[in-house]
Amino acid sequence: ERSMQEITVNGTRHVVQAAAETPLLYVLRNDLGLNGPKYGCGLGECGACTVLVDGRAARSCSVPVGLLAGRAVTTLEGLVAPDGTPDPVQQAFIDAQAAQCGYCLNGMIMTVRALLNVNPAPGEGEIREALRHNLCRCGTHVEILQAARRACG
Ligand code: FES
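The number in UniProt numbering is simply the position in the sequence shown, starting from 1, with 1 added.
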């Protein structure tokens, strides 16, 4: 049953018509036109759809939109400063040229951002642990880890 859902994304409050159980990912992409979060598996397993909810990493394909009233959702788009400056994590991924197809990278960047939000100086083990469940089908994990180290260094 569709009803009004209130959601705050990248600092802007929106009211959308959706069933409470609609995955946040669908609302972000289809209602709000944000394509930072990607649809990978739809099952909470790949990390392509990762966003921040109150600063913590969340898999938006597996979060019902109805749970988000009063919470702050941040997508990749929201990491960019108003003057267009990328977040240092984005810049590190650009500098490291970590992308092959790039589909997984937005989720990787959001996951590293979430790690840094709670741990400003993570070690190698903590970086690997944070990214362990973000999948990259191209197999560029070596470059991705280099980018993550650069972002955390
Ligand atoms: Fe959400 Fe894969 S699309 S974890």
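Cβ atoms here follow ideal geometry from the backbone N, Cα and C, with glycine treated the same way.
Three-state secondary structure (DSSP) of residue i
{"i": "E144", "result": "helix"}
{"i": "L68", "result": "helix"}
{"i": "P89", "result": "helix"}
{"i": "A58", "result": "strand"}
{"i": "residue 1", "result": "Since the first residue of the chain shown is 2 and the last is 154, residue 1 is not available in this structure."}
{"i": "V119", "result": "helix"}
{"i": "R138", "result": "coil"}
Any non-hydrogen atom of the ligand FES within 6 Å of residue i CB
{"i": "C50", "result": "yes"}
{"i": "R14", "result": "no"}
{"i": "G43", "result": "yes"}
{"i": "R30", "result": "no"}
{"i": "C105", "result": "no"}
{"i": "C137", "result": "no"}
{"i": "R60", "result": "yes"}
{"i": "C102", "result": "no"}
{"i": "C153", "result": "no"}
Cβ neighbour criterion (16 or more within 10 Å) applied to residue i
{"i": "residue 169", "result": "An answer regarding residue 169 cannot be provided, because it is not within the stretch 2 to 154 covered by the chain."}
{"i": "G48", "result": "buried"}
{"i": "M5", "result": "exposed"}
{"i": "N31", "result": "exposed"}
{"i": "G71", "result": "exposed"}
{"i": "G41", "result": "buried"}
{"i": "T112", "result": "buried"}
{"i": "D84", "result": "exposed"}
{"i": "L44", "result": "exposed"}
{"i": "R133", "result": "exposed"}
{"i": "T13", "result": "exposed"}
{"i": "T141", "result": "buried"}
{"i": "A82", "result": "exposed"}
Residues of its chain near residue i, where Cβ-Cβ distance is below 6 Å and the 5 sequence neighbours each way are ignored
{"i": "G56", "result": "N118"}
{"i": "L35", "result": "L29, T76, E78"}
{"i": "L69", "result": "I8"}
{"i": "V17", "result": "Q6, V28, D32"}
{"i": "A99", "result": "E144, I145, A148"}
{"i": "A93", "result": "A148, R151, A152"}
is_contact[residue i, chain C] using C-beta, thresh 7 Å
{"i": "A97", "result": "Of the protein chains in the structure, only one exists, and it is not chain C."}
Residues near residue i in its chain [Cβ-Cβ closer than 7 Å; skip 5 each side]
{"i": "K39", "result": "A49, C50, Y104, N107, G108"}
{"i": "A97", "result": "E144, Q147, A148, R151"}
{"i": "E2", "result": "A20"}
- So does the region 6-26 actually touch the region 60-68, counting three or more Cβ pairs closer than 8 Å? Taking 8 Å as the limit for Cβ pairs, the verdict is that the region 60-68 does touch the region 6-26.
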